[in-house]
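The block underneath contains the structure these notes are about, expressed in C-alpha cells.
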Amino acid sequence: MNYDLIVIGSGPGGYVAAIRGAQLGLKTAIVESAELGGVCLNWGCIPTKALLKSAQVFQYLLHAETYGVCFDKFSSRDTIKPDLEKMVARSRNVAETMNKGVAFLLQKNKVDVIRGFGKVKPNKIVEVKSLESGETNEYSANHIIIATGARSRELPNLPQDGKKIIDYRKAMTMLKQPESMVVVGSGAIGSEFAYFYQSIGTKVTLIEFLSQIVPAEDADVSAQLSRSFRKNSMKIMVDSSIEHVDTTGDLCKCTIKTKKGEEIIEAEIVLSAVGITTNIEHIGLEDVGIEIDETKIKVDEFYRTNQDGYYAIGDVVHGPALAHVASHEALVCVEKIAGLNPHPVNYNNVPGCTYTTPEIASVGLSEKKAQEAGYEIKVGKFPFTASGKATAAGNRDGFVKVIFDAKTDEMLGCHMIGDTVTEMISEAVIIREKNIKAHEILSAIHPHPTMSEALMEAVAAAYGQAVHL
1 MNYDLIVIGS
11 GPGGYVAAIR
21 GAQLGLKTAI
31 VESAELGGVC
41 LNWGCIPTKA
51 LLKSAQVFQY
61 LLHAETYGVC
71 FDKFSSRDTI
81 KPDLEKMVAR
91 SRNVAETMNK
101 GVAFLLQKNK
111 VDVIRGFGKV
121 KPNKIVEVKS
131 LESGETNEYS
141 ANHIIIATGA
151 RSRELPNLPQ
161 DGKKIIDYRK
171 AMTMLKQPES
181 MVVVGSGAIG
191 SEFAYFYQSI
201 GTKVTLIEFL
211 SQIVPAEDAD
221 VSAQLSRSFR
231 KNSMKIMVDS
241 SIEHVDTTGD
251 LCKCTIKTKK
261 GEEIIEAEIV
271 LSAVGITTNI
281 EHIGLEDVGI
291 EIDETKIKVD
301 EFYRTNQDGY
311 YAIGDVVHGP
321 ALAHVASHEA
331 LVCVEKIAGL
341 NPHPVNYNNV
351 PGCTYTTPEI
361 ASVGLSEKKA
371 QEAGYEIKVG
381 KFPFTASGKA
391 TAAGNRDGFV
401 KVIFDAKTDE
411 MLGCHMIGDT
421 VTEMISEAVI
431 IREKNIKAHE
441 ILSAIHPHPT
451 MSEALMEAVA
461 AAYGQAVHL
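Quick note: the sequence shown, position 389, residue 389 per this note's numbering, numbers continuous.
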C-alpha cells in the first residue's frame, strides 16, 4: 500500500495529524498497536478527570449540609461510602466512549487504521508487525510522522511491580481502595492522584524532591495548594527523596531522606509519579539515521527530522509533554507538509493545567522567572475570598495572579489556583498571543458574578485600580 502520509501512533498528536492530513487531501493511514486515542484518552487526561469528578461528587455529599441539603440517609462519612470499583468502572466507560469517538472520526475522514507495532525503515517505508499473528507488512508513504508518545518513567531504586509499587495506569484501575498510599512526585500526575485518593479517604503522603510541590508552578500557587492539601489532612514532604522501599511485609516500608535525616513511612501502596520517558526504542530510528538528543527526536520548527520525509511530534520531541501541545504540533506539521504556511508553535505561550481541588492553570513566566529575566514588573493578585461567585459556590481557596512588564504593559504570566480555573486560562493565553495591553483588558467588561472576572480584578490590582480589595 502506498500513502501520502502514514502516522505512527494515535494519541492526541497522531490522530489529529492523520485527520488533518485527510482533510487536506492526503491519502492517510495511522498505525496503532494499542487503543486508538493513545495514553491521554485511554490512560491519562480523560479517565483521570472522570475519577476526579467522582471524588468531587463524594466531597459534595459529605458537605451537603453546609449547602442546606439535609437528609438522614446521607448525613455523615459513616453512611456515605466511596465505591472505588464503581468509580473506576465509570472512568473506564468514559475512556471507552472517547475511544469510539476517535475511531468514528478516523473512519469519517477515510483514514486507514493499521493495527500493529510500527517501525520506520529507509526509503520511507513503515513496517507493521501484527501483535496477534506476528505477521509483518510493509507500507510506503511520501511522509511519515512518528508520534509514539511516552510511558511512566521508572526510577532505579523504585522498580514498579504493579502490585505494591505502581504507575498511573494501575492507580486508575485499582478495584480495592488502599488505606494508605505514598505518592512519589508532585507534578500534575502525582498531585492529581494524591488528591483523588486523599479525598475518598486514603491516608496519602506526597513526596517531592524539590523545595515545593507542583514545582513548575509559581511559588504562591504551590503554597496555596500545599495549604489546601494539608487542610484535607494530606502529609506533604518537600526537599525529600525516596531511597528504598521494602515490599517484603504486608506494608511497603519506605525510607525517605529529608533535610533532618531519614524517616520511615509505611503504606499499603507506593505510586511512582516521577515523570515519563519517550517511546523511541525499537521503532527503527537508528536504521533510518534519524538523530536523537538523549531521549528526544531532533526536529526543526516544522517537525522535520534530519531525514527527508520523516517527522516527529508530541512527547518524543523537545517541548512540554502535553496533549494540547501534541495536537497543535500535529496541525503545524501536517499543514506544512500539505504546502500551507502555518505559524510555528509558540512554546512561550503554552498553558498548563492540573485538575486537583483547587485546580491550577498557568501560562507564561512566574514572578521569580520574570525577575530573573531582568524585567521590571507589576504584579496583581485577586483572591477568591473576595469573589462573590466563589463565596456563593463555597469554594474560596485560591486566587488569580498576573505579572506585567512595567515598561510595555504586556502580560508576562498568569497563574491561577481555584475552582474551575482550568476553564479560565484561555483568556490569558489569547491576551499574551495578541499582546493585549493591561488597559485594554480593563476596558473589556467581564460578567458578574463569575470566577473569570477575577482575571480583570487581578489586572486592576496590578495597576492600583482595584475596587473590590
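Just so you know, even glycine gets a beta-carbon here, dropped at the ideal spot from N, CA and C.
1. Using 8 Å as the cut-off, can you tell me whether the segment 4-21 makes contact with the segment 144-153, which would need three or more C-beta pairs spanning the two stretches below that distance?
2. Count the other C-beta atoms from every protein chain shown that fall within 10 angstroms of the C-beta of Ala373, then say buried if there are 16 or more, exposed otherwise.
3. Looking only at C-alpha atoms, which of Lys378, Val421, Asn123 and Ala223 sits nearest to Gln485?
4. So, Leu24 versus Leu365, is the Cβ gap smaller than 9 Å?
5. For Met98, which option in Gly11, Val238, Ile213 and Val459 has the closest C-alpha, if you only look at C-alpha atoms?
6. When the distance is taken between beta carbons, is Ala454 closer than 9 Å to Met411?
7. Please classify Pro122 as buried or exposed, where buried requires at least 16 other C-beta atoms within 10 Å of its C-beta.
8. How big is the Cα-Cα spacing for Pro351 and Ser362?
9. Return the chain-ordered list of same chain residues with a C-beta closer than 6 Å to the C-beta of Ile189, the five sequence neighbours on each side being excluded.
10. Report the rounded CA-to-CA distance for Glu433 versus Val345, giving the unit in angstroms.
11. Which ranges would you report for the beta strand (DSSP E) in the segment 232-290 if only whole runs of at least 3 residues count?
12. Would you mind stating whether Val128 and Asn137 have Cβ atoms separated by less than 9 Å?
13. Taking the alpha helix (DSSP H) that Pro47 falls in, what are its first and last residues?
14. Apart from the five residues just before and just after Pro449, which ones in its own chain have a Cβ nearer than 6 Å to its Cβ?
15. Taking the alpha helix (DSSP H) that Leu105 belongs to, which residues open and close that run?
16. Beta carbon of Pro358, beta carbon of Ile200: below 9 Å?
17. Which residues share a DSSP beta bridge with His415?
18. Fully enclosed by the segment 126-200, which alpha helix (DSSP H) runs are 4 residues long or longer?
19. One question on the structure: do Leu206 and Ile166 come within less than 9 Å of each other, judged by their Cβ atoms?
20. Starting from Cys333, follow the alpha helix (DSSP H) in both directions and report where the run begins and ends.
21. Tell me, please, which residues DSSP counts as bridged to Asp293.
22. Mapping the DSSP letters down to three states, classify Ile80 as helix, strand or coil.
23. If you follow the alpha helix (DSSP H) that Lys369 is in, where does it begin and where does it stop?
24. Along the alpha helix (DSSP H) that carries Tyr15, what are the first and last residues, could you check?
25. Flag this pair as yes or no: are the beta carbons of Val184 and Thr354 separated by less than 9 Å?
26. Using the C-alpha atoms, what's the distance from Glu154 back to Ala323?
27. Applying the criterion that 16 or more other CB atoms from any shown protein chain within 10 Å of the CB defines a buried residue, is Asn42 buried or exposed?
28. Can you find at least 3 beta carbon pairs, one from the segment 84-102 and one from the segment 263-270, that sit closer than 8 Å?
29. So Ile114 is in the beta strand (DSSP E); what residue range does that whole segment cover?
30. I'd like to confirm the pairing. Which residues does DSSP put opposite Ala29 in its beta bridges?
31. What are the boundary residues of the beta strand (DSSP E) that Thr354 is part of?
32. How would you write the range of the alpha helix (DSSP H) that Leu442 sits in, first residue to last?
33. I need the DSSP call for Phe302, collapsed to helix, strand or coil.
34. Over the uninterrupted beta strand (DSSP E) stretch that includes Lys203, give me the two end residues.
35. Contact defined as beta carbons within less than 8 Å: I believe Ile431 pairs with Ile441. What is the distance between those atoms, to the nearest angstrom?
36. Where Asp257 and Val245 are concerned, what is the direct C-alpha to C-alpha distance, given to the nearest angstrom?
From the atom records:
1. Yes, they touch.
2. Exposed, because fewer than 16 other Cβ atoms sit within 10 Å of the Cβ of Ala373.
3. Outside the displayed range of the chain (1 to 469) lies residue 485, so it cannot be described from this structure.
4. Taking 9 Å as the Cβ cut-off, Leu24 and Leu365 do not qualify as a contacting pair.
5. Ranking the options by Cα distance to Met98, first place goes to Gly11.
6. For the 9 Å CB-CB criterion, Met411 and Ala454 do not form a contact.
7. Counting Cβ neighbours within 10 Å, Pro122 comes out exposed, since fewer than 16 surround it.
8. A direct Cα-to-Cα measurement between Pro351 and Ser362 gives close to 6 Å.
9. Excluding its 5 nearest sequence neighbours in each direction, Ile189 has C-beta neighbours in its own chain below 6 Å: Tyr168 and Ala273, listed in chain order.
10. Approximately 11 Å between the Cα atoms of the pair.
11. Listed in chain order, the complete beta strand (DSSP E) runs (minimum 3 residues) inside the segment 232-290 are 235-237, 241-246, 252-258, 261-267, 269-272 and 276-278.
12. Going by C-beta atoms, Val128 is nearer than 9 Å to Asn137.
13. Membership of Pro47 in the alpha helix (DSSP H) is indicated by the continuous run Cys45 to Leu62.
14. Taking C-beta separations shorter than 6 Å and ignoring five residues to either side along the sequence, the partners of Pro449 in its chain run Gly388 and Lys389, following chain order.
15. Leu84 to Lys108 is the extent of the alpha helix (DSSP H) around Leu105.
16. If you check the CB distance, Pro358 and Ile200 do not come in under 9 Å.
17. His415 pairs with Ser362 and Lys401.
18. Entirely contained in the segment 126-200, the alpha helix (DSSP H) runs reaching 4 residues are, in chain order, 168-171 and 188-199.
19. Result no, Cβ atoms of Leu206 and Ile166 do not sit closer than 9 Å.
20. From DSSP, the alpha helix (DSSP H) with Cys333 extends over Ala323 to Ile337.
21. Residue pairing for Asp293: DSSP places it in a beta bridge opposite Lys296.
22. Annotated three-state conformation of Ile80 is coil, per DSSP.
23. First-last of the alpha helix (DSSP H) with Lys369: Glu367 to Glu372.
24. Counting along the chain, Tyr15 sits inside the alpha helix (DSSP H) bounded by residues Gly14 to Gln23.
25. For Val184 and Thr354, no; Cβs fall outside 9 Å.
26. In this structure, the CA atom of Ala323 is about 21 Å from the CA atom of Glu154.
27. Around the C-beta of Asn42, 16 or more other C-beta atoms lie within 10 Å, and the residue is accordingly described as buried.
28. Segments in contact, no.
29. That run of the beta strand (DSSP E) goes Asp112 to Arg115.
30. For Ala29, which the question treats as bridged, DSSP gives the partners Ile6 and Asp112.
31. Note, Thr354: beta strand (DSSP E), Gly352 to Thr354.
32. Its alpha helix (DSSP H) spans residues Ala438 to Ser443.
33. Reduced to three states, the DSSP call for Phe302 is coil.
34. Where Lys203 is concerned, the enclosing beta strand (DSSP E) stretches over Lys203 to Ile207.
35. The pair is a contact, with the Cβ atoms about 6 Å apart (cut-off 8 Å).
36. Before going on, a small fix: residue 257 reads as Lys here, not Asp. One C-alpha to the other measures close to 12 Å.
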